[in-house]
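Single-structure report; data block below.
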Amino acid sequence: MIPESEEIPEDTALPEIHVQVGDAGIALYADEGITGKGTKEYPYVICNVKQWFTVMGENQKNQYNGNQSSGVSKYIRLGADIDLSGESWESRTLTAGLDGNGYELSGISQPLFNVLAGTVKNLILSNVTITGDGKHVGAIARTVGADSQIENCYISGSLATTGNCAAGGLIGQVQSGTLEIQNCIVNAEIENKDNNNRESLAGGLVGSVKVKNGTQLNIMNCIAMGSVSTNSGRGAGGLVGGQGKTVTINKSAALQEEISTNSSQYYVDRIFGYFGDYQVHVVGGRNFAYQGMRVKCGETLLDKENDKDRKWPELHRGESVFKPDLLTTNFWKNTIGWGSDAENWEFAANQLPTLKMQRDNKEVIIFSGADIPEYLEATETKTGSVKSGETGIAGAEITFKKGSSEKKATTGSDGTFSIDLANGDYDVTIKKTGYITVRTTVTISDADLEALNFTMETNPVSMLSGQTVTGTFQTTDADTVTADGKIALTYTGNEDLQAGDFKLSSEEDGTEYDGVTILGVDNTENESGIKIQFAKSLNLGNTNKITLYVHYKGSSIGSIVLKKKVNLVQLAAPADVKWDETVKGKAVWSSVAYASGYKVQLYKDGSALGVPVTLGAGETGYDFTAQIAESGIYTFGVRATGDGSTYGDSEEATIEPMYFPSRP
């Protein structure tokens, strides 16, 4: 605290205090670490999930969103990558702008905005997994409601919807205003599952354009990859689904692997999906589509370019481009005509164009042209081997990763494999239980014939197969009570084994399983093993067991079955068991704590006489006089019965046999 008599130095950092006036009065609050002024020149900068929710969260109405309960009227800029996996936020209308600044929002499961009426640019949306609930879906927004721009954006993942609505990689439906889309790439699986035969459309960039006066869509310098499918809607298109509104598309490419519908061949095509009114709905030029794209109606593969029975509009399907041409600089710079746009695009041989921007005078990659979908790569069959010394290793799994594309191969009995790969750089992982996992980078070229020959070393740690580790608990144990177990190992190395070298995972290549703690490792001449511990609270599903994979220094050495056994607490056997002193033939005993009842059985000459008698919790005797009619040696046994969920039945308590004469 600074005394009143002292002046505050000019360079003292003070928290910014904001005043908000509402129905409840005046509220004062400090900022959330968000800098900027919310203007186009000085946007608010958000850097983490908390700040994202300050702007976008439910019931948030503050200066950062323009005091809008369902909108954002301030300019926002990202200052860092933000992971939004598993998060949800208010469905808002953007009337200002969002500048991604070359940063990434990952894992979104809902459109960023409900309505776009502003600008979104320089943004990466990765691992998108949006499933619609009867509403339009697009990674940027469900709909466009006023003049808007989307530029320099990259979207990857999947989007699907149901209902009388549309799905698009960027926008579900353009409803009013003019939407300008420029320099954007979408690589996504886009699906409309609904049975409605009108509005259930899908497109690689935009699902549909609603027919209204003044509504316009202009697309330029864009790429769409992945797949598009509809069930019964009137339009599935590589760039735009449909339906009856004319759109402007220039210098763009639909490079999907497949565009399909279960509706009609008039409702599917490579660029624009709708031709139900026999009108051409695309103006513009120099638009291309991947020649190997499958265009399907149901199970029928369509070839509209060579259809002799019908004349399909060329502007709806685009010019064909073959796979070898797609990965040349000449195609992108000259044929399609992006060469003059060097500010946003960079061109290199054997890859797609790279989308870039400048941030603080540094070049930032929004989309790397090396991130080529597997189906677009120019591949050749390559052969290789995996050996230990001079011996081939059978069953080794080799994974080749290049960007988001991943391919796998498995060695045969002689340790060799073959796989279709394109030339280029790959991250390679080779796994085989019993061997140290190999992780390396290789450059594949026509000249290097040895690049795919690998060697593996035998893992010094191994384990017996079929091991089950069981933790036993009682029903009355607290959830925090733990049980210990041990995984038996065989070790042929010389160094001391460390607990940190081992990992358990619930999937063979999964992340560490945090339900089990590795306490340490025993390593003696006679015995080696991993000491583990887990709590009663560990959820192992209905079967109370799970398969866990064991890894040593990142290499798989086998698996175990982890079981949890929860035993009922056995009740104490009844005490003071005897024949009643006043009523001969009546069995009596003392009550047992927590017993739900009792079962008492009469025996004659060593054999059960009749069936056990079931009694309630408060009954501590039973008169067998009526059953003891003949002379003989009689006895009885009684056990306390549990509730079956916490307590189990006790052992049977009996008394010494006694002779009873026959009754007169």
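Note that the working numbering has the sequence shown beginning at 254, numbered continuously upward. Note that beta-carbon positions come from the ideal geometry of N, C-alpha and C, so glycine has one too.
When DSSP states are grouped into helix, strand and coil, PRO566 belongs to the coil group. Per the coordinates, the alpha-carbon of LYS784 lies some 12 Å from the alpha-carbon of GLY724.
With respect to the C-alpha of ALA741, the residue from GLY457, ASN405, GLY719 having the closest C-alpha is GLY719. When the alpha-carbon of SER638 is set against those of PHE584, ALA704, LYS576, the nearest one is in ALA704. In the structure shown, ASN375 adopts extended strand secondary structure according to DSSP, grouped into three states.
Nearest to THR743 by alpha-carbon distance, out of ILE810, LEU793, LEU757, MET709, is ILE810. ASN436 sits in a strand when the DSSP states are folded into three classes. In this structure, DSSP gives VAL769 a state outside helix and strand, which the three-state scheme calls coil. Residue environment for LEU554: exposed (fewer than 16 other C-beta atoms within 10 angstroms of its C-beta). With a contact defined as Cβ atoms closer than 8 Å, ASN540 and SER505 qualify at about 5 Å. For the pair ASN354 and ARG612, the CB atoms are nearer than the 8 Å cut-off.
Taking 8 Å as the cut-off, the beta carbon of GLY838 is found closer than this to the beta carbon of ASP876. In the displayed model, PHE306 falls within a helix according to three-state DSSP. When rounded, the separation of the alpha-carbon atoms in ALA399 and SER485 is 29 Å. Taking the Cβ atoms as the reference, PHE653 lies roughly 6 Å from VAL681, within the contact range of under 8 Å. Look at ASP352 here: in three-state DSSP terms it is strand.
Note on PHE575: under 16 other CB atoms within 10 angstroms of its CB, so exposed under the neighbour-count rule. If you draw a straight line from the Cα of GLY648 to the Cα of ASP896, it is about 52 Å long. In this structure ARG395 is buried. Its beta-carbon is surrounded by 16 or more other beta-carbon atoms within 10 angstroms.
The beta-bridge partner set that DSSP reports for CYS406 consists of LEU376, CYS437. Cβ neighbours of TYR543 within its own chain (closer than 6 Å, five residues either side excluded): LEU508. Contact between the stretch 666-686 and the stretch 420-440 is absent: fewer than three C-beta pairs spanning the two stretches fall below 8 Å. At a Cβ-Cβ threshold of 8 Å, GLY622 and THR607 count as neighbours.
Remark: C-beta atoms of ALA419 and ALA455 approach each other more closely than 8 Å.
For the pair of segments examined, the stretch 743-762 was found not to touch the stretch 840-850: the number of CB pairs separated by less than 8 Å stays below three. In this structure the stretch 865-876 does not lie against the stretch 898-917, because fewer than three pairs of beta carbons, one per stretch, are closer than 8 Å.
The beta strand (DSSP E) runs of length 3 or more contained entirely in the stretch 590-648 are, from start to end of the chain, 607-612, 615-620, 633-641.
Look at TRP842 here: in three-state DSSP terms it is coil, with no helix or strand label.
By a beta-carbon distance limit of 8 Å, THR728 does not contact VAL845. Their separation comes to about 17 Å. The beta carbon of ASN367 is closer than 7 Å to those of SER344, ARG345, THR346, ALA394, ARG395 in its chain, skipping five residues each way along the sequence. With respect to SER812, VAL803 sits close: the two C-beta atoms are nearer than 8 Å. The beta carbon of CYS550 lies closer than 7 Å to those of THR514, SER517, GLN518, VAL521 in the same chain, with the five residues before and after it left out. Scanning ARG916, THR382, THR372, ALA349 for the CA closest to the CA of LEU358 turns up THR382.
Of the residues assessed, VAL830 falls on the buried side of the cut-off, its CB having 16 or more other CB atoms within 10 angstroms.
Assignment of ASP754 by DSSP, reduced to helix, strand and coil, places it in the helix class. A buried status is given to SER808, since no fewer than 16 other beta-carbon atoms sit within 10 Å of its beta-carbon.
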